[in-house]
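The next block holds one structure in the form of structure tokens; read it before the comments.
Numbering (the numbering used here), first residue to last: 330 to 547.
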């Protein structure tokens, strides 16, 4: 089995390593694109998320125990998957300072991040952030923020939800694109903000109509 990742969002899949307890002959390989100086994750004793602290500690232990993974390749990228003659396994070509192959891999777990499905508005005039693929106004707010704790997020206001497509709003996980800090709480707040925008727009339209109402003499 081969696992390719080093991101926070998908570390839970590392627990597939528990298979080795029940099937000791299982071979596990972990390929990480970045170089690792000491441990893959820095455990923060003040982290308000207890589960995240536990995840850090568990994965760091797996990384160093010399038992869970047969090999760990850092500063390495995957360049090719080659289907074997059995058609049930693949050879994985790795590139680092040298080239090498992992032979007869029967399961591949690729956790390199995600992007939202933007096909719904592919033909609309929505200016996207080239980095996160989310709408540009919100992306600019998120990327300029120095707060890395997703629990301490605040709403970025109605202006962050405006897109270059008139009267078109993107809310929820899709609005964050590939940015990792989305919370459902933020999504609910975004819905409230959109209705504020709509209500304010209606009030303005009503005032304009009232000012344009013709007055006829009796």
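Note that the Cβ used here is the ideal one computed from N, Cα and C, for glycine as well.
Can you tell me whether residue i is buried or exposed? The criterion is at least 16 other CB atoms within 10 Å of its CB, across all chains shown.
| i | result |
| --- | --- |
| residue 299 | No answer is possible for residue 299: the residues shown for the chain start at 330 and end at 547. |
| residue 513 | exposed |
| residue 520 | exposed |
| residue 461 | buried |
| residue 451 | exposed |
| residue 531 | exposed |
| residue 464 | buried |
| residue 411 | exposed |
| residue 511 | buried |
| residue 361 | buried |
| residue 527 | exposed |
| residue 431 | buried |
| residue 401 | buried |
CB-CB under 8 Å to residue i, same chain, minus the five flanking residues each way: which ones, in chain order?
| i | result |
| --- | --- |
| residue 393 | 368 |
| residue 391 | 343, 346, 397 and 398 |
| residue 494 | 450, 453, 454 and 455 |
| residue 497 | 450, 453 and 455 |
| residue 389 | 368, 369, 370 and 372 |
| residue 374 | 382 |
| residue 525 | 487 |
| residue 476 | 482 |
| residue 448 | none |
Excluding the 5 residues preceding and the 5 following residue i in the sequence, name in chain order all residues of the same chain whose CB lies nearer than 6 Å to its CB.
| i | result |
| --- | --- |
| residue 416 | none |
| residue 349 | 355 |
| residue 466 | 489 and 491 |
| residue 468 | 458 and 461 |
| residue 508 | 461 and 471 |
| residue 386 | 372 |
| residue 376 | 382 |
| residue 503 | 445 |
| residue 366 | none |
Checking the sheet assignment: what are the DSSP bridge partners for residue i?
| i | result |
| --- | --- |
| residue 462 | Paired residues: none, contrary to the question. |
| residue 430 | 422 |
| residue 511 | Its beta-bridge partners do not exist; DSSP assigns none. |
| residue 457 | 464 |
| residue 409 | 422 |
Quick test of your reading: residue i and residue j, contact by CB under 8 Å. State the CB separation rounded to the nearest angstrom.
| i | j | result |
| --- | --- | --- |
| residue 505 | residue 471 | 7 Å |
| residue 474 | residue 515 | Contact flag wrong, Cβ pair sits at about 12 Å. |
Can you list, in chain order, the residues of its chain with a C-beta nearer than 7 Å to that of residue i? Leave out the 5 residues immediately preceding and following it.
| i | result |
| --- | --- |
| residue 364 | 403 and 404 |
| residue 429 | 423 |
| residue 523 | 490, 498 and 500 |
| residue 518 | 484 |
| residue 413 | 419, 420 and 433 |
Does the segment 422-440 come close enough to the segment 403-414 that 3 or more CB-CB pairs lie under 8 Å? yes
Taking three-plus beta-carbon pairs below 8 Å as touching, is the segment 444-459 in contact with the segment 474-486? Cβ pair count under 8 Å is below three, so no.
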